[in-house]
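A short write-up of the structure that comes next.
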Amino acid sequence: MPISTQTTESGPTGPGSTPESGQKPPQSPATRQQKAVVRPGDRIFSAATLIAGILILVILAGVALFLLAQSKDTITAQISDPSQITGGKGFFSYVWPLVIGTLISAAIALIVATPFSLGIALFTTHMAPRKLAPVLGYVIDLLAAIPSVVYGLWGIALAGNLTGFYLWLSKWFGWIPIFAPAADGSVSQTGRTLLTASLVLSIMILPIITSLTREIFLQTPRLQEEAALALGATRWEMIRMAVLPFGKSGIVSATMLGLGRALGETMAVAMILSPGVLTASLVVSGNQTIASEIAQNFPEAAGLRLSELITVGLVLFVITLLVNMGARAIVARTSVKGS
Amino acid sequence: MSKQIDIKDLDIFYGDFRAVDGVQMQIKPRSVTAFIGPSGCGKSTVLRTLNRMHEVIPGASVSGEVLMDGNDIYGAGVDPVNVRREVGMVFQRANPFPTMSIKENVLAGVRLNNKRLSKTEADDLTERALRGANLWNEVKDRLNLPGSGLSGGQQQRLCIARAIAVEPEVLLMDEPCSALDPISTLAIEDLINDLKDKYTVVIVTHNMQQAARVSDKTAFFNIAGTGKPGKLIEFNETSTIFSNPDKEETENYISGRFG
Amino acid sequence: MTTMNTTTEAAVSKPAKLTSKQLPKATPWIVAVASILVAIVISFIAFGGFNIPVVAVLAGLINAIAVFAVSASYEGRRKAVDRIATTIVTSTFVLACVPLISLLWLTVSKGGAAISGDLLTRTMLGMKGVLDQQYVAGEATLAGGFYHAIVGTVLITLAACVISIPIGVLTAIYLVEYSNKNRLGKAITFLVDVMTGIPSIVAGLFAFALFSTIANVLLPGAAGIAKTGFTAAVALSVLMIPIVVRNTEEILRLVPMDLREASYALGVPKWKTIVKIVLPTSVSGILSGVTIAIARVIGETAPIMVTAGFAKTLNWNLFSGWMSTLPTFIYDSQLRPVSPGAAALASSERAWAAALVLVALVMVLNLLARIIAKVLAPKAGR
Chain A
1 MPISTQTTES GPTGPGSTPE SGQKPPQSPA TRQQKAVVRP GDRIFSAATL IAGILILVIL
61 AGVALFLLAQ SKDTITAQIS DPSQITGGKG FFSYVWPLVI GTLISAAIAL IVATPFSLGI
121 ALFTTHMAPR KLAPVLGYVI DLLAAIPSVV YGLWGIALAG NLTGFYLWLS KWFGWIPIFA
181 PAADGSVSQT GRTLLTASLV LSIMILPIIT SLTREIFLQT PRLQEEAALA LGATRWEMIR
241 MAVLPFGKSG IVSATMLGLG RALGETMAVA MILSPGVLTA SLVVSGNQTI ASEIAQNFPE
301 AAGLRLSELI TVGLVLFVIT LLVNMGARAI VARTSVKGS
Chain B
1 MSKQIDIKDL DIFYGDFRAV DGVQMQIKPR SVTAFIGPSG CGKSTVLRTL NRMHEVIPGA
61 SVSGEVLMDG NDIYGAGVDP VNVRREVGMV FQRANPFPTM SIKENVLAGV RLNNKRLSKT
121 EADDLTERAL RGANLWNEVK DRLNLPGSGL SGGQQQRLCI ARAIAVEPEV LLMDEPCSAL
181 DPISTLAIED LINDLKDKYT VVIVTHNMQQ AARVSDKTAF FNIAGTGKPG KLIEFNETST
241 IFSNPDKEET ENYISGRFG
Chain C
1 MTTMNTTTEA AVSKPAKLTS KQLPKATPWI VAVASILVAI VISFIAFGGF NIPVVAVLAG
61 LINAIAVFAV SASYEGRRKA VDRIATTIVT STFVLACVPL ISLLWLTVSK GGAAISGDLL
121 TRTMLGMKGV LDQQYVAGEA TLAGGFYHAI VGTVLITLAA CVISIPIGVL TAIYLVEYSN
181 KNRLGKAITF LVDVMTGIPS IVAGLFAFAL FSTIANVLLP GAAGIAKTGF TAAVALSVLM
241 IPIVVRNTEE ILRLVPMDLR EASYALGVPK WKTIVKIVLP TSVSGILSGV TIAIARVIGE
301 TAPIMVTAGF AKTLNWNLFS GWMSTLPTFI YDSQLRPVSP GAAALASSER AWAAALVLVA
361 LVMVLNLLAR IIAKVLAPKA GR
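Protein chains in written order, with the UniProt record's numbering: chain A, 1 to 339; chain B, 1 to 259; chain C, 1 to 382.
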């Protein structure tokens, strides 16, 4: 029986041979599996999935293109005669207060919601009784799914109860511009102010941020937690040593997702806020957000007004796009490497 | 059944990295060949090129020839799918399809390849394959239960039954016993002995005693260091490899003086 | 020398200290009750009465300080910090539960009081302010209903599913099985991310802009016909596709490579491996992800109102005429009541009833997703 044996000398490979040329893959004649037959079934199926993927590119390009196309009238009007635009002073002075209102309400919502979300997430993952924890987590997920229109309805029912609180705020903290009362010392009678809308927004994004943060906290490596406890750490020290550092980037991205939600949220604000001109104070009537402006005016809009609203929508699209990209950049920077 | 495999000048790459260098080997039909060697020496990689499974990993490519009874499985126009129907494979970890019953698992290869089977044909094939894998007596009463309910060793034999149900010419085994307890391992080793009457069996193993017990011929692979390609050091009768190898490197590895 | 000796001796002889001063288990509760009492007293003195929010905030603050003080004086600083952290985290949880419970309670109580079989089976056809005034005066039962909105919700959501599920699932398959992380795959992943962030009203504006442009080309000057149920379905699809892609992708990546390899090794072509092995293994996860996506878009209001308007009556035709869904019905009823003034209460009650139905629908869908994930998951056997 012939023994077919090894090819090269069994000595060490390294130094003698030139690793550069040795490590290179052979050129086209030798790498042959590219030529392998493609079955019709495979071709059809992979083409179908490819087309679906490309459709997503098309849809997104479509969103930008069609919004731009419908904005044409506004842009022409802005160039030829800015006084045609609502407010009579051109597009930018029309959209500016809306942008500010949107950013303020989203910021307040985020500032209020984030600490609470972290608290709930920590409570349900590390402090609640073992049997209760999964149930609480599930309830949070359910609350995240409640439609915003229901939050809006609830906000309307609630708004009236807040006037007393706003009066108190303006009395004691009126020297801070955002809590300043109107010239006659009064605050909104209906309570339907930007602050109410922002608070409802914060309650809306609370379950979303919580359920994302919860997931991150649950993923904390068990070994790291146990290592901390084994060093004699108290529960809180363990959370600070193991859980929070691990979840840092996750918390940031969850918060950013919440911010995106708050920026684009239409209904709760549209239903609660009685809109008005931009004012610094949040406890008197006034202010407006982009999404709410569109929702409140779109049904009756036609012609140039319609085009204006779509242009405003385009502005909102750009703002959320920027926020999301910024969020991704932050997450990429803060994420734990090599863990 | 059963074919001879000739490997000529086989180089294997992952992207730009040369994983295995210049393998020459002739595997006789109806024999058991064992591949041994330290971790990362390329023995599993070589095994996977014998049914073109390495292509599943993105960026993998080969040069050289692998001839089955004289036909190059890397030749122009060769369909890897057809190659794999001729060359069955059993993996390190038992991987029965979780959505299928024991019987469906055995018939999966045939059914998925568009062959219509009558009820009796299907029953016959199931029994034949399960008997071939020494599993029939243990599962004949629960053929319609999920395959994932079996013990580890039974699952691995189910995977062997699934592989031989498509009636391949060659059976490749990639460390089939590494996740099993000693009793299950013994059952698989007995099975390998039976299988060699019908199939050309190639087995990769970490366990040198296992190679000594089951194989007719043994190939020893080694690697000079990380980042270097793996090489075939010696290919010989198993008895020779384990008693009086030609190469000192082989001797060092066998006797545990490796490194 | 002597000092060294004594320390060594002390270290050897001193037994390990395993017990430390610990507050009795009931202490936090006692402190909490005391804090609430103090808060009530302060509320009476400073605000002249029992004021729930004031008491709650004060009690929380006093409790936190008291817990820290008691624990620090008895158990030491580290333990005290641990206790105060626990107290703060627990109170944020309790505090955050208040509005959420209030929301659920209002929905169930207000909606439950107003809902009736008639509301579920009637539309707003022939609705007049007089009828609502009679109801508020107690002379008649609540008129009108939202059968048309339920039908609209179901039709529009179904149409959105028909569009987005195939696109979403196929895209996920492309990303997981075919793209090999190539440039196109990365671009699609990025754009799916971007799509997730599209505000829902912008999705609505897009669908409206798309169809009114098409309508303008076909029938110049008739952009109004662009507002249909189908336009709304397209708007919802823009929101639904990224959710379906994300969820499906995540599930497909969980399918072990082992199974694909086992199938390839049997000589099964790639597409068949995906269809017969990968998809069946992950079907429970995919379906549950799709259900979550449905639950998410079924409650959308903004995109519907800019694309399908507000219909008062039943419309089964997705391709012509306005349509209502439950969310737009709620919005419309609340903000534009049939009869303004005191009788607006009737519209508000209809809105709450519809809200109850909508919330129930969303909850059922979420539960369904859980059940699907459990029941259809591959059996572990034994």
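Even for Gly, the Cβ is constructed at its ideal location relative to N, Cα and C.
Residues 120, 121, 122, 123 and 314 of the same chain have their beta carbon placed closer than 7 Å to that of residue 147/C, with the five preceding and five following residues left out of the count. Residue contact check for residue 95/A against chain C: no CB pair falls below 7 Å. Its chain contains 98, 102, 312 and 316 as the residues whose beta carbon lies nearer than 6 Å to that of residue 290/A, once the 5 sequence neighbours on both sides are disregarded; these appear in chain order. By the neighbour-count criterion, in which 16 or more other beta carbons inside 10 Å mark a residue as buried, residue 205/B falls on the buried side. Annotation for residue 18/B: no alpha helix (DSSP H) segment contains it, though the beta strand (DSSP E) segment containing it runs 17–27. If you check the CB distance, residue 189/B and residue 92/B do not come in under 7 Å.
Here the alpha carbon of residue 95/B sits roughly 12 Å from the alpha carbon of residue 255/C.
By alpha-carbon distance to residue 42/C, the top candidate from 33/C, 32/C and 54/C is 54/C. In this chain, the beta strand (DSSP E) harbouring residue 89/B covers 87–90. The beta-bridge partner set that DSSP reports for residue 174/B consists of 204/B.
Taking 7 Å as the cut-off between beta carbons, the residues of the region 103–124 of chain A near chain C are 115, 116, 119, 120, 122 and 123, in sequence order. With a cut-off of 8 Å on Cβ pairs, the region 279–289 of chain A is not in contact with the region 212–222 of chain A, counting fewer than three such pairs.
In this structure, residue 229/B sits away from residue 9/B, with a CB-CB distance that is not shorter than 7 Å. Using a Cβ-Cβ distance cut-off of 8 Å, the region 178–186 of chain B and the region 146–166 of chain B are in contact, since at least three pairs of beta carbons, one from each stretch, lie closer than that value.
For residue 207/A, the closest C-alpha among the options 138/A, 81/A and 297/A is that of 138/A. Look at residue 68/B here: in three-state DSSP terms it is strand. Interface annotation, residue 99/B: in contact with chain C, CB-CB separation under 7 Å. The region 346–356 of chain C makes contact with the region 124–144 of chain C; the number of CB pairs closer than 8 Å reaches 3 or more. Less than 7 Å separates the beta-carbon of residue 236/C from that of residue 160/C.
Residue 303/C carries a helical assignment under DSSP once its states are collapsed to helix, strand and coil.
Going by C-alpha positions, residue 48/B is about 9 Å away from residue 55/B.
For the region 248–277 of chain C, the beta-carbon criterion of a distance under 9 Å to any beta-carbon of chain B is satisfied by 256, 257, 258, 259, 260, 261, 262, 263, 264, 265, 266, 267, 268, 269, 270, 272, 273, 276 and 277.
Interface annotation, residue 166/B: in contact with chain C, CB-CB separation under 7 Å. About 6 Å separates the beta carbons of residue 234/B and residue 246/B, which is inside the 8 Å limit, making them a contact pair. Between residue 163/C and the set 149/C, 115/C, 244/C and 189/C, the nearest pair of CA atoms involves 244/C. Every alpha helix (DSSP H) stretch that sits fully inside the region 57–122 of chain C and reaches 4 residues is listed by chain position as 77–114 and 117–121. In chain order, 34, 36, 205 and 218 place their CB closer than 6 Å to the CB of residue 211/B, counting only its own chain and leaving out the 5 sequence neighbours on each side.
Residue 371/C is classed as exposed because its beta carbon has fewer than 16 other beta carbons within 10 Å across all chains shown. For residue 14/B, the enclosing beta strand (DSSP E) covers residues 5–14. Residue pairing for residue 232/B: DSSP places it in a beta bridge opposite 221/B. Per DSSP, the beta bridge partners of residue 36/B are 220/B. Within chain C, 261, 264 and 265 have C-beta atoms less than 8 Å from the C-beta of residue 53/B, given in sequence order. Contacts with chain B at 7 Å (Cβ-Cβ) include residue 281/C.
At a cut-off of 7 Å between beta-carbon atoms, residue 68/B makes no contact with chain C.
Rounded to the nearest whole angstrom, the CA to CA distance from residue 151/A to residue 157/B is 58 Å. The region 288–303 of chain C makes no contact with the region 129–146 of chain B: fewer than 3 CB pairs, one atom from each, lie closer than 8 Å.
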